[in-house]
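For reference, the structure is listed below as structure tokens.
2 protein chains.
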Amino acid sequence: MKKTSKRLSAADYAYEVLKERIIELQYQPAEHLLEDQLAKDLEISRTPLRQALYRLELEGLVNKQANGRMIVTPVTLEEAREVFVVREMMEGLVAKEASERMSQDDLYRLEDTIELMKRAVERARSQDFLKHSEEFHGIIQECSHNDTAKRFLLQLENKVDRYRRISGYKNPAYALNTPLEEHIEILQFLKEKSSKEVEDLMRAHIRRSLKTIEETIATNSSSHSF
Amino acid sequence: MKKTSKRLSAADYAYEVLKERIIELQYQPAEHLLEDQLAKDLEISRTPLRQALYRLELEGLVNKQANGRMIVTPVTLEEAREVFVVREMMEGLVAKEASERMSQDDLYRLEDTIELMKRAVERARSQDFLKHSEEFHGIIQECSHNDTAKRFLLQLENKVDRYRRISGYKNPAYALNTPLEEHIEILQFLKEKSSKEVEDLMRAHIRRSLKTIEETIATNSSSHSF
DNA sequence: AAAATTAAATTTGTATACAATTATATTATA
DNA sequence: TATAATATAATTGTATACAAATTTAATTTT
Chain A
1 MKKTSKRLSA ADYAYEVLKE RIIELQYQPA EHLLEDQLAK DLEISRTPLR QALYRLELEG
61 LVNKQANGRM IVTPVTLEEA REVFVVREMM EGLVAKEASE RMSQDDLYRL EDTIELMKRA
121 VERARSQDFL KHSEEFHGII QECSHNDTAK RFLLQLENKV DRYRRISGYK NPAYALNTPL
181 EEHIEILQFL KEKSSKEVED LMRAHIRRSL KTIEETIATN SSSHSF
Chain B
227 MKKTSKRLSA ADYAYEVLKE RIIELQYQPA EHLLEDQLAK DLEISRTPLR QALYRLELEG
287 LVNKQANGRM IVTPVTLEEA REVFVVREMM EGLVAKEASE RMSQDDLYRL EDTIELMKRA
347 VERARSQDFL KHSEEFHGII QECSHNDTAK RFLLQLENKV DRYRRISGYK NPAYALNTPL
407 EEHIEILQFL KEKSSKEVED LMRAHIRRSL KTIEETIATN SSSHSF
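Chains as they are written, first to last, in my numbering: chain A, 1 to 226; chain B, 227 to 452.
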């Protein structure tokens, strides 16, 4: 993780690095995390490292076992479904709230991300598509002005990212047309301020994205312990 | 530092104590929390105390300001509404899921809590009522078998408890009949496994409880900074 | 006296030493 | 050999000392 203008504490640094490594599967699910080893690796002491670990625990990316040892939270289809069911509700909620509060300027910003998504689809650049898709969802979350929902969604997003990795979203053949069309449709109803429709569409969008991940895992489930 | 039957780490102990004090308004909203002072008070060192503070921060009960100082999260009507809106969705979700998975034994356990709630209403013991009401909701959450949802609901419950305190729920005149009837109705549909109705009723139940708190605050809002 | 500067104190952030616990290896015993 | 008991090593949990940063007080300058 890069640091910007503000100095980053060792604890924050460790948190960012570990989170990224877990999401990117550099640490395998269920793998043991040893404080001493990680501290030496990151060239910090155990004190700030532990802070980072405990934050990750509360976000559900690592688990403290009964004996005190930390492991990377295992991945299971069951948990993936849980995460997506909750995410479906939360994304539906913020979309509804955003629909009631969005300014014209916000709508323009959404249009921009969609334009960029279109270009990504044309070039079959799924990485870029994902980036702009996340911007799209991020703008909607922002416009909900619901900090509580935003906080939870951030935690869910971390887990979602890991499941995306596991399902092999990097594959260029990954279907991008469906999510693009769904985004366009959502924007349409956001413009009309039809909050109920927006909520329903957003929920269907998330529901469908879980299906995609489930299918990719089904065909692709050699490497991870499902 | 005290210990119970199962050994409690100093960090866990500090977490529990601080959480309780914040919820019970022994620490005022927006009050400064000094590590050294708290550590001396709890008779532990700063190391485990800080762990506790960081956990509370992630749960939204304390906030770390830009200068690094910790304050008790301020209370606002706006946040209360956010918390309840999210809680409404989550309680609706777990109720729906529980409805699909509940055993006869679980239903009996719910009946028991309702019996105890009835007795509490008869005697106008709102403290007892609240306790059994939380058991009622806890059983439903448990039966959802959705750990992700349960984790979030636990965090929300902490904030809800504080808002209940602020609204002065201790008042014996506090109306208990409405929530009791709502619980009874929810149980009825749980027995019939009508998951859609269960979800709708639970959501209405939470929505109504926010209204109660808003009203109590409106008449009672001298002491806290709304 | 007001504003700016410096100095002292308070407070948070980190490293390290040690204590308590848990896991692993070794030995003893049947 | 298999099992239990014990010793050893590895790992987590806590306290403390010190460093870095921030706030408050004191001093100087205009």
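Even for Gly, the Cβ is constructed at its ideal location relative to N, Cα and C.
For B:N289, the three-state secondary structure derived from DSSP is strand. The contact set of B:A350 on chain A, defined by CB atoms closer than 9 Å, is empty, because the minimum CB distance reaches about 33 Å.
For the stretch 30-63 of chain A, the set of positions with a beta-carbon nearer than 8 Å to some beta-carbon of chain B reads T47, R50, Q51, Y54, R55, L58, E59 and G60 in chain order.
Annotated three-state conformation of A:I44 is coil, per DSSP. For B:R377, the neighbours in chain A by C-beta distance under 8 Å run, in chain order, G60.
Of the candidates B:N403, B:G394 and B:D331, B:N403 places its Cα closest to the Cα of B:F355.
Residue state for A:V72 is assigned as strand, using DSSP reduced to three classes. Judged by DSSP in its simplified three-state form, B:H371 adopts coil rather than helix or strand.
For A:L190, the three-state secondary structure derived from DSSP is helix.
Note that the C-beta distance between A:Q155 and A:E59 is below 8 Å. Interface annotation, A:V86: in contact with chain B, CB-CB separation under 8 Å. Going by beta carbons, A:I44 and A:A80 fall outside the 8 Å limit. In the three-state scheme derived from DSSP, where H, G and I count as helix and E and B as strand, A:L25 is classed as coil. Residue environment: A:G92 is assigned as buried (16 or more neighbouring CB atoms within 10 Å of its CB, all protein chains considered). In its chain, beyond the 5 residues on either side, M90 have a beta carbon closer than 7 Å to the beta carbon of A:F152. With a cut-off of 8 Å on Cβ pairs, the stretch 327-337 of chain B is not in contact with the stretch 103-111 of chain A, counting fewer than three such pairs.
Put simply, the stretch 243-261 of chain B touches the stretch 285-301 of chain B. At least three CB pairs are less than 8 Å apart. Fewer than three pairs of CB atoms, one per stretch, sit closer than 8 Å, so the stretch 212-219 of chain A makes no contact with the stretch 134-143 of chain A. The residue from B:S420, B:V309 and B:V301 with its alpha-carbon nearest to that of B:I392 is B:V301.
Judged by beta-carbon spacing, B:V320 lies beyond the 8 Å limit of B:L406, meaning their Cβ atoms are not closer than that value.
The DSSP-derived three-state label of A:L93 is helix. For A:T148, at least one C-beta of chain B is nearer than 8 Å to its own C-beta.
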